[in-house]
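Protein chains in written order, with the working numbering: chain E, 1010 to 1284; chain F, 212 to 523; chain W, 9 to 269.
Glycine included, C-beta positions come from ideal geometry on N, C-alpha and C.
First the structure, in the form of structure tokens, and then the observations on it.
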């Protein structure tokens, strides 16, 4: 979503693909949560004997330039790499949905104002938001997540607003209105539940974009700060290591990013079809 | 000599896990050249599916059995080029919702002339001139202007007339009209039916009118076939005898007589796959006896009711 | 007796198009009143204005003696109006929330207007469902599990749950099968007899209008072209439009006709 023209990179579909994707994500999330238990080493402990080392029994994926265990860093790095997109999507979904339903319910001037604001937000590239919030809040996860959450909000709002407008014009909403139900009750008890499948599908697809954007920002050095492990950062430092002997760091982190993005896209696509 | 003969037609669609849902059961129907036959029924009766089977417009994976002969040749299961030729020249269909069947991004002129240039070998100019004449025939005066318009600029009634003009353009031998006036106003309905009627008398086109409206079918067709739960329960021309048809006619409100309560057929219409072993109408019929529940009554003497003689 | 609905010089303009133009009528307590017209006649717009779903461009609407002020009503005001006037829509598929169970639909409506809870709420819900010909087994069903006729019964139960004085039926039987239409028309006749509600019946179907209404207006291009007792309107129509409408209805011996000219 940093470049808004980007389309879903994977068109894998079918029942089995969805199951495989869900199983992969579940396993990955479990592994990162259990990192302190399953990781073979301390991710931040340098070991000069393992620097740029190849695959050994003790270090299956070898070591990075400082000799830190790559496998352990991938596992711990997954925590920040996966949590960041979840936060971005959670915040942008709540904000975007609230804006969209407000606009659809009130219509008229409220809708016009919301639509104009969204158009302005669309015109600003996500990375600019991230730069601004990083400038204010300093480099690191909070600043980047805030910036990208704002940048993603109009995308959520646009899709949800369209669906909410269609739903709002159905007679059952008019019936609830005529019955004297409050606008709040109609929006939260009727509109929102009926839009939920769409919102869920939209969020899951967004996760992939958020992850790539976040990794890109970390790669630029504005996101997660070293020495903390992060897949985006690992791709960056790993490129250097790859030229000096051990390609595992860059390959592992890059491959995981690609697989997670592909998996959430498959899942989002499946959920979107069901909604 | 008949034009279309449907015999023992069965149609089922897959319902998952190797199960089948029967929508049409043992349907037999024939239409002579220039004849108008009404195929009447409520939702789920299978009337539309029967008509669609004639031109191969059945749902994906549908299982068809029986025979449909048109002009002496078997057309059930026709595919590819042969089916396209049948649809292009000999059998045409008019749908309830013309908007869903006319390409919205192409002009009325393109829609009308395409078939004429492709199938009748007319030049674009000749086709346009003929389209204007056809539009006039279906009651649309300023044809030249209409040809440049797009479907969204036309009302439902006008669009349905354009659809009819496109059908008349290829001079088919049979028109399948599936609820052609249901979405239209009554005054427009009257006009559309008059246009169809006129073309039938002038060109000798046969018509199968599929409708839920018994009165409309009775007023515009030579004979009627009434469907219930996938089967034809009765063929008639003047006076219906099957308890379902009789009940249906009696339950319709009247323009001038106002009974305190309308006659009611209890329950709801069912589809073929929902019906039990006996007469599908038995659960709603006021004359049901144990014999009715034993087996599907055969279509004997044009009425599929074992008690029809004693009830008369 | 003062009329329960009084509409005066009602007008509605959408952009350039005049949908309703100077429509006036009144409906007496307990009367069944029909608004007859074809598509584009403005009949549905009139219904929507009666319910407050559209704001009139001009004219006044009074329901139960209270003139409706302009502007978006508060939800307290809407709750008050709900007890005065309710509506049943044409499409039984989109007029119910597909995620709401039948019992919830009715219970929500009841709880909004009456101090009912627990067993009393449940009992009243069942009573209402039974009054429209549904049973206890329908309580836990979703709209998708019901037929069109059953859904329309739920929509009627929802409307009468708040015990309104006026029920607007906007083509409420038009989408139903003929055999179901008769059942619903009889149900509506029974309900009116029992509750004394007034009906405003919006329809294009003259035979249905004859069955359900006492008086009627015929609308054409936003205006009322003829009014009177329904039976008289159908037997001795005076206006050309009413005559054309009547002669277009298929019946034994009827021949479809093209408009002259």
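Point to revise | Three-state class that DSSP yields for residue 505 of chain F in the structure shown | key: Translated into positions along the second chain, residue 505 of chain F becomes position 294. Residue 505 of chain F falls in the coil class under three-state DSSP.
**Study point:** For residue 392 of chain F and residue 426 of chain F, the rounded distance between their alpha carbons
**Key:** Stepping through the second chain from its first residue, residue 426 of chain F is reached at position 215. Stepping through the second chain from its first residue, residue 392 of chain F is reached at position 181. Taking the straight line joining both Cα atoms gives about 13 Å.
Review point. DSSP three-state call for residue 1260 of chain E: helix, strand or coil?
Key: Along the first chain, one-based indexing puts residue 1260 of chain E at 251. Note: residue 1260 of chain E maps to helix in three-state DSSP.
Point to revise | Beta-carbon separation (whole angstroms), residue 114 of chain W vs residue 59 of chain W, contact threshold 8 Å | key: Within the third chain, residue 114 of chain W is the residue found at index 106, counting from 1. Within the third chain, residue 59 of chain W is the residue found at index 51, counting from 1. Contact flag wrong, Cβ pair sits at about 19 Å.
Check your understanding: So who's on the other strand from residue 236 of chain W, going by DSSP bridges?
Key -> In the third chain, the residue the question calls residue 236 of chain W occupies position 228. In the DSSP output, where bridge partners are listed per residue, residue 236 of chain W has W/224.
Exercise for review: With 7 Å as the C-beta to C-beta threshold (strictly closer), list the residues of the segment 1189 to 1210 of chain E near chain W in chain order.
Suggested key: 1189, 1190, 1191, 1192, 1199, 1202 and 1203
Review point. With 16 other CB atoms within 10 Å as the buried threshold, where does residue 1155 of chain E fall?
Key: The residue given as residue 1155 of chain E occupies position 146 in the first chain. Buried is the call here.
Review point. Listed in chain order, which residues of the segment 467 to 483 of chain F have Cβ atoms closer than 9 Å to some Cβ of chain W?
Key: 467, 468, 469, 470, 471, 472, 473, 474, 475, 476, 477, 478, 479 and 480
Review point. Could you give the residue range of the alpha helix (DSSP H) that holds residue 88 of chain W?
Key: What you label residue 88 of chain W is simply residue 80 of the third chain in a count that begins at 1. Counting along the chain, the alpha helix (DSSP H) containing residue 88 of chain W begins and ends at 83 to 90.
Review point. What's the call for residue 471 of chain F, buried or exposed, on a 16-neighbour Cβ count within 10 Å?
Key: Translated into positions along the second chain, residue 471 of chain F becomes position 260. The residue is exposed, with fewer than 16 neighbouring Cβ atoms inside 10 Å.
Review point. Any Cβ of chain E within less than 7 Å of the Cβ of residue 95 of chain W?
Key: Against the third chain, residue 95 of chain W aligns to sequence position 87. Judged by the 7 Å Cβ criterion, residue 95 of chain W is in contact with chain E.
**Study point:** Cβ of residue 1187 of chain E within 7 Å of any chain W Cβ
**Key:** For the purposes of this step, residue 1187 of chain E is identified with residue 178 of the first chain, where counting begins at 1. Residue 1187 of chain E counts as touching chain W.
Review point. By Cβ distance, which residues of its chain are closer than 6 Å to residue 1098 of chain E, with the 5 residues on each side in sequence left out?
Key: In the first chain, residue 1098 of chain E corresponds to position 89, counting from 1. Answer for residue 1098 of chain E: 1212, 1215, 1216 and 1219, listed in chain order.
Check your understanding: Which same chain residues, not among the five before or five after residue 361 of chain F, have their C-beta less than 8 Å away from its C-beta?
Key -> Sequence index remark: in the second chain, residue 361 of chain F carries index 150 (1-based). Here the set comprises 315, 316, 317, 318 and 319.
Check your understanding: Would you call the CB atoms of residue 105 of chain W and residue 1199 of chain E closer than 7 Å?
Key -> Mapped onto the third chain, residue 105 of chain W falls at position 97. Mapped onto the first chain, residue 1199 of chain E falls at position 190. Against a cut-off of 7 Å, the Cβ pair of residue 1199 of chain E and residue 105 of chain W comes out as a contact.
Review point. Bridge partners of residue 207 of chain W, per DSSP?
Key: Indexing the third chain from 1 puts residue 207 of chain W at position 199. In DSSP, residue 207 of chain W forms a bridge with W/40 and W/175.
Exercise for review: Taking C-beta pairs closer than 7 Å, name the residues in chain E that residue 104 of chain W reaches, listed in chain order.
Suggested key: Locating residue 104 of chain W in the third chain gives position 96, counting from the first residue. What residue 104 of chain W touches in chain E: 1181.
Review point. Taking residue 1035 of chain E as the reference, which of E/1075, E/1056, E/1091 and E/1086 has the closest Cα?
Key: What you label residue 1035 of chain E is simply residue 26 of the first chain in a count that begins at 1. The residue with the shortest Cα to Cα distance from residue 1035 of chain E is E/1091.
Practice item. Could you tell me which residues DSSP puts in a beta bridge with residue 20 of chain W? Key: As a first step, residue 20 of chain W must be located in the third chain, where it is residue number 12. Residue 20 of chain W is bridged to W/28.
Review point. Curious, which full-length alpha helix (DSSP H) runs of at least 4 residues does the segment 1149 to 1194 of chain E contain?
Key: 1150 to 1177 and 1180 to 1187
Review point. What is the rounded straight-line gap between the Cα of residue 520 of chain F and the Cα of residue 460 of chain F?
Key: As a working note, residue 520 of chain F is residue 309 in the second chain. As a working note, residue 460 of chain F is residue 249 in the second chain. So the alpha carbons of these two residues sit roughly 20 Å apart.
**Study point:** Coarse secondary structure for residue 1011 of chain E, derived from DSSP in three states
**Key:** Here residue 1011 of chain E is taken as the residue at index 2 of the first chain, counted from 1. With a pLDDT of only 39 at residue 1011 of chain E, under 50, the local geometry of the prediction cannot be trusted, and no value is derived from it.
**Study point:** Alpha-carbon to alpha-carbon, residue 357 of chain F and residue 463 of chain F
**Key:** Within the second chain, the letter at position 252 stands for residue 463 of chain F. Within the second chain, the letter at position 146 stands for residue 357 of chain F. Taking the straight line joining both Cα atoms gives about 39 Å.
Review point. Secondary structure at residue 1021 of chain E, three-state DSSP: helix, strand or coil?
Key: Numbered from its first residue, the first chain carries residue 1021 of chain E at position 12. With a pLDDT of 40 at residue 1021 of chain E, under the threshold of 50, the modelled position of that residue is not reliable, and no figure is offered here.
Review point. Chain W beta carbons: is any one of them nearer than 7 Å to that of residue 1184 of chain E?
Key: Here residue 1184 of chain E corresponds to residue number 175 of the first chain, with the count starting at 1. Yes, contact with chain W.
Point to revise | Residues of the segment 114 to 147 of chain W with Cβ closer than 9 Å to any Cβ of chain E, in chain order | key: 116, 117, 120 and 121
Check your understanding: In chain order, what residues of the same chain have a beta carbon less than 8 Å from the beta carbon of residue 272 of chain F, not counting five sequence neighbours either side?
Key -> Along the second chain, one-based indexing puts residue 272 of chain F at 61. Closer than 8 Å at Cβ, skipping near neighbours: 224 and 225.
Check your understanding: Is the Cβ-Cβ distance between residue 1173 of chain E and residue 1113 of chain E less than 7 Å?
Key -> Position 164 of the first chain holds residue 1173 of chain E. Position 104 of the first chain holds residue 1113 of chain E. Yes, the pair counts as a contact, with Cβ atoms nearer than the cut-off.
Exercise for review: Show which residues of chain F have a CB atom less than 7 Å away from the CB atom of residue 191 of chain W.
Suggested key: For the purposes of this step, residue 191 of chain W is identified with residue 183 of the third chain, where counting begins at 1. 475, listed in chain order.
Exercise for review: Please list the segments of the beta strand (DSSP E) lying wholly inside the segment 1042 to 1083 of chain E, counting only runs of 3 or more residues, in order along the chain.
Suggested key: none
**Study point:** Same chain, Cβ closer than 6 Å to residue 219 of chain F, five either side skipped, listed in chain order
**Key:** The residue you call residue 219 of chain F lines up with position 8 of the second chain. Within the same chain, residue 219 of chain F has close Cβ partners 237 and 277.
**Study point:** Residues, ordered as in the chain, of the segment 167 to 195 of chain W that lie near chain F by beta-carbon distance below 8 Å
**Key:** 185, 186, 187, 188, 189, 190, 191, 193 and 194
Exercise for review: Would you be able to state if there are at least three C-beta pairs under 8 Å between the segment 195 to 210 of chain W and the segment 164 to 182 of chain W?
Suggested key: yes
Practice item. Have a look at F/330, F/372 and F/365 and flag the residue whose alpha-carbon is nearest the alpha-carbon of residue 345 of chain F. Key: Looking up residue 345 of chain F in the second chain gives position 134. Out of F/330, F/372 and F/365, F/372 has the C-alpha closest to the C-alpha of residue 345 of chain F.
**Study point:** CB contact check: residue 234 of chain W to chain F, cutoff 7 Å
**Key:** Here residue 234 of chain W refers to the residue found at position 226 when the third chain is read from its first residue. By this cut-off, residue 234 of chain W is not an interface position.
Check your understanding: In whole angstroms, what separates the C-alpha of residue 507 of chain F from that of residue 437 of chain F?
Key -> Along the second chain, one-based indexing puts residue 507 of chain F at 296. Along the second chain, one-based indexing puts residue 437 of chain F at 226. Roughly 16 Å between the two C-alpha positions.
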